[in-house]
Amino acid sequence: MLVPVLAAALLIVLLLSASTGTIPVPMADALRIVLGHLLPGMPWMSDGSLTTVQDNAVWQFRLPRALLAAMAGAGLALAGALMQAVVHNSLAEPYILGVSAGAGVGAVSFIVLGIGASSLGIGAAAFLGALTATAAVYLLARKNGHIAPQRLILAGVALGALFSAVTSYLTITTDAQNVFSIMFFLLGSVSAATTGHLALPAAALLAAGIFTAFNARALNALLVGDDAAATLGINVNRLRSSILVTAALLTGSVVAVSGGIGFVGLIVPHIARIVVGADHRRMLPVAVLGGAVFLAASDLLARTLAAPTEIPLGVLTALVGAPFFLWLLRRDRSDSVGVGR
Amino acid sequence: MRVDIEDLDVHRGGRPVVSGVSIPVPPGTVLGLLGPNGSGKSTLLRAVSGIASPSSGRVRFDGADISFLSRREIARRVAVMAQEHSEEFEIPVLDLVLLGRIPHGKGFGRDSDHDIAIAEQALDRVGAAHLATRSFSALSGGERQRVLFARALTQDTPVLVLDEPTNHLDIAHQVELVDLVRSADRTVLVALHDLNLAARYCDTVGVLDGGRLRSLGPPERVLDTDLIRSAFGVESTSVAHPRSGRRHFIFDARTPEPGPDTDRPIPTEEGSSTP
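The listed protein sequences derive, respectively, from chains Z and G.
Residues in the first sequence are numbered consecutively from 1, following UniProt numbering.
Residues in the second sequence are numbered consecutively from 1, following UniProt numbering.
This is the structure we're talking about:
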């Protein structure tokens with residue numbers, strides 16, 4: 001029941017984002033523009049009722065941005081939920097493997113070396129950095145073909161610190177004009193989104209979603225411990241490895257195009273658990289859609305609340321999300337999912 | 001289903017924990033594993049469950065070596081009630097019991113009505129139907145044991161492996177649980193601490209000491225005061241139960257020195273320091 005509601009909310013937020021901005025576009029017109037681009041031969045696209053400026057604002061700028069925010073939110077929430085399940089730790093989040101720190105090194109190196117300033121280039125470098133970090137943490141945490149959750153977390157934290165140090169050093173020693181681009185990336189933003197940015201996270205989200213759907217029951221078994229899951233017929237090592245790789249690729253592809261947006265990956269899965277329980281078959285769809293709605297709405301607020309100034313997205317997610325999560329945490333319901341212990 | 005443990009060696013942390021154990025378990029019988037703490041009972045049961053891999057020897061289910069079976073194939077043959085339980089995230093009792101259906105189902109989709117019926121039946125059978133919607137972590141120790149046993153039943157396997165299932169249970173629930181185990185009509189391998197309970201409910205008992213099988217056979221032949229002295233380091237008196245006439249042990253005191261063929265130090269300091 002919650003899933004259709006969230007899906008409808010997502011559509012409304014996307015449409016609201018498409019119509020809101022300095023160039024006014026009524027919601028009905030925004031809907032017509034979107035439909036006109038998706039379906040060929042719509043009469044209103046050529047009868048002069050919509051201006052080119054409106055069309056550009058909606059189709060070239062606002063919609064890609066809102067979609068990127070939604071996909072980043074969905075991807076980070078899914079990655080966070082997966083991480084929490086496979087490392088048996090409720091503090092786990094998508095960046096725990098040092099993925100964002102690795103992406104940071106990639107992006108900052110790209111900017112500092114001055115190879116170019118294209119955001120797609122920065123994205124590619126960030127993705128490469130994220131993959132390198134993931135591979136390094138994975139190999140470091142592996143011992144006798146077995147990945148111990150605790151060792152994984154510690155290796156991720158240590159390597160993350162190492163990467164952050166490199167990023168800081170590069171930032172402090174580079175030309176002043178580069179610092180803005182670097183901070184922009186590190187704080188996380190979807191404001192530079194174009195249609196070209198959408199392909200990577202969309203593909204990653206689709207692949208991760210399908211893979212996770214087939215393993216949702218196995219993830220439930222993991223809730224009761226590794227040995228118990230093994231006696232229920234789960235190949236725990238293989239499941240853990242494949243889920244980690246899935247979550248890391250997903251996180252890497254989101255970070256590459258939107259920078260290190262914090263908070264969503266940690267909190268949204270917990271909210272989903274508090275609302276529908278720990279069963280992954282119910283919880284994952286709610287987390288994915290909830291993350292999408294939350295980040296798309298946050299981005300809309302981020303660019304309208306203090307217009308024409310933009311509030312950084314990460315700042316807003318924490319300002320809005322933290323009080324809401326704390327309120328949820330204090331309710332009785334949260335005890336039933338183990339938050340109260 | 002028949003279970004054969006053949007010349008099994010299992011190492012844990014580089015040390016041999018089970019050495020050269022062979023036990024045949026005929027279909028539908030209950031094998032009780034006895035022995036002091038650290039004698040290798042749990043490790044032997046882990047090997048039978050396919051969690052610990054033997055360094056040599058094998059475990060066979062109806063002749064099939066389990067090292068050639070997939071996890072899922074093993075999980076359709078043997079259900080395990082272990083002592084450990086992870087509690088990072090909370091789970092309602094019925095959902096926990098339903099996990100037992102995983103080896104029989106697909107990786108996705110809802111639980112079928114059939115699955116839910118089996119789970120509810122199992123909860124009913126262990127007298128825990130009223131707990132179905134409660135959260136597992138909010139249960140008492142005894143309620144948890146019964147719920148975990150219900151999960152093992154829900155897995156619907158011909159073999160059950162139970163590691164000290166009567167832990168935390170009061171006397172009534174202990175008796176009730178072993179009755180349930182007997183009436184489940186499966187091949188059962190169970191580690192027990194209570195020798196009298198084992199004597200009364202097991203078809204066969206195996207006594208482990210230092211990872212080796214010291215004695216194997218029907219309880220009335222295996223269990224006597226000499227064995228209890230040498231394996232457990234405890235003096236006991238054997239009496240006939242006034243009503244059933246069954247042999248019953250009363251435990252008297254720690255044996256002052258380790259038995260003649262025990263190279264193991266006495267586990268508790270207190271007992272050995274008293275003259």
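The beta carbon of each residue, even a glycine, is placed where N, CA and C say it ideally should be.
In three-state DSSP terms, what is residue i?
i, result
"residue 23 (chain Z)", "coil"
"residue 87 (chain Z)", "coil"
"residue 237 (chain G)", "strand"
"residue 343 (chain Z)", "A query on residue 343 (chain Z) cannot be resolved here, the shown segment of chain Z reaching from 1 to 341 and no further."
"residue 81 (chain G)", "strand"
"residue 57 (chain G)", "strand"
"residue 41 (chain G)", "helix"
"residue 240 (chain Z)", "helix"
"residue 270 (chain Z)", "helix"
"residue 246 (chain G)", "coil"
"residue 130 (chain G)", "helix"
"residue 65 (chain G)", "strand"
"residue 217 (chain Z)", "helix"
"residue 233 (chain Z)", "coil"
"residue 16 (chain G)", "strand"
"residue 145 (chain G)", "helix"
"residue 167 (chain Z)", "helix"
"residue 168 (chain G)", "coil"
"residue 50 (chain Z)", "coil"
"residue 115 (chain G)", "helix"
"residue 256 (chain G)", "coil"
"residue 183 (chain Z)", "helix"
"residue 39 (chain Z)", "coil"
"residue 294 (chain Z)", "helix"
"residue 121 (chain G)", "helix"
"residue 102 (chain G)", "helix"
Can the beta-carbon of residue i be found closer than 8 angstroms to that of residue j?
i, j, result
"residue 201 (chain Z)", "residue 75 (chain Z)", "yes"
"residue 235 (chain G)", "residue 252 (chain G)", "yes"
"residue 27 (chain Z)", "residue 17 (chain Z)", "no"
"residue 250 (chain Z)", "residue 205 (chain Z)", "yes"
"residue 81 (chain G)", "residue 158 (chain G)", "no"
"residue 49 (chain G)", "residue 188 (chain G)", "no"
"residue 131 (chain G)", "residue 93 (chain G)", "yes"
"residue 200 (chain G)", "residue 208 (chain G)", "no"
"residue 85 (chain Z)", "residue 266 (chain Z)", "no"
"residue 96 (chain G)", "residue 136 (chain G)", "yes"
"residue 145 (chain G)", "residue 177 (chain G)", "yes"
"residue 205 (chain G)", "residue 8 (chain G)", "no"
"residue 239 (chain G)", "residue 180 (chain G)", "no"
Can you name the residues that DSSP bridges to residue i?
i, result
"residue 132 (chain Z)", "Paired residues: none, contrary to the question."
"residue 32 (chain G)", "G:190 and G:205"
"residue 156 (chain Z)", "DSSP, once it has assigned bridges, lists no residue as partnering residue 156 (chain Z)."
"residue 213 (chain G)", "G:208"
"residue 8 (chain G)", "G:21"
"residue 135 (chain G)", "G:92"
"residue 251 (chain G)", "G:236"
"residue 146 (chain Z)", "Z:143"
"residue 160 (chain G)", "G:79 and G:188"
"residue 3 (chain G)", "G:25 and G:61"
Under 8 angstroms by Cβ, that's how I've got residue i and residue j pegged, so tell me the actual separation to the nearest angstrom.
i, j, result
"residue 53 (chain Z)", "residue 23 (chain Z)", "6 angstroms"
"residue 103 (chain G)", "residue 232 (chain Z)", "6 angstroms"
"residue 198 (chain Z)", "residue 71 (chain Z)", "7 angstroms"
"residue 252 (chain Z)", "residue 99 (chain Z)", "6 angstroms"
"residue 198 (chain G)", "residue 192 (chain G)", "5 angstroms"
"residue 127 (chain Z)", "residue 256 (chain Z)", "4 angstroms"
"residue 220 (chain G)", "residue 247 (chain G)", "6 angstroms"
"residue 347 (chain G)", "residue 27 (chain G)", "The question about residue 347 (chain G) has no answer, for chain G in this structure spans 1 to 275."
"residue 284 (chain Z)", "residue 212 (chain Z)", "6 angstroms"
Kindly list, in the order they appear in chain C, the residues whose Cβ is closer than 8 angstroms to that of residue i.
i, result
"residue 69 (chain G)", "In the displayed structure, chain C is absent; the protein chains listed are Z and G."
What are the residues of the stretch 43-59 of chain G that lie near chain Z, defined by any Cβ-Cβ distance shorter than 9 angstroms?
46, 49, 50 and 51
Select from the stretch 129-150 of chain Z all residues with a C-beta closer than 7 angstroms to any C-beta belonging to chain G, and list them in chain order.
Residues passing the 7 angstroms Cβ filter: none.
Against chain G, which members of the stretch 83-111 of chain Z pass a CB distance test of less than 7 angstroms?
88, 89 and 90
What residues from the stretch 222-251 of chain Z come within 7 angstroms of chain G, judged by C-beta to C-beta, listed N to C?
223, 224, 225, 227, 228, 230, 231, 232, 233, 234 and 235
Chain-ordered residues of the stretch 278-299 of chain Z with a beta carbon less than 8 angstroms from chain G:
278, 279 and 281
Below 8 angstroms between beta carbons is the criterion; list the residues of the stretch 60-77 of chain Z that meet it against any residue of chain G, in chain order.
Residues of the stretch 60-77 of chain Z that bring their beta carbon within less than 8 angstroms of a beta carbon in chain G are absent altogether.
At a Cβ cut of 9 angstroms, what residues of the stretch 297-328 of chain Z count as close to chain G, listed as they run along the chain?
Result list empty, no residue passes.
Could you list the residues in the stretch 77-105 of chain G with a C-beta less than 8 angstroms from some C-beta on chain Z, going in chain order?
78, 79, 80, 82, 84, 85, 86, 87, 88, 89, 90, 91, 92, 95, 96, 99, 100, 102, 103 and 105
Between the stretch 202-217 of chain Z and chain G, which residues of the former have a C-beta closer than 7 angstroms to a C-beta of the latter?
For the stretch 202-217 of chain Z, which is checked against every Cβ of chain G, the residues closer than 7 angstroms are 213, 214, 215, 216 and 217.
Please identify, using Cβ separations under 9 angstroms, the residues of the stretch 263-278 of chain Z that lie next to chain G, in order along the chain.
273, 277 and 278
Chain-ordered residues of the stretch 174-191 of chain G with a beta carbon less than 8 angstroms from chain Z
none
Beta carbons nearer than 9 angstroms to chain G: which residues of the stretch 160-180 of chain Z have them?
none
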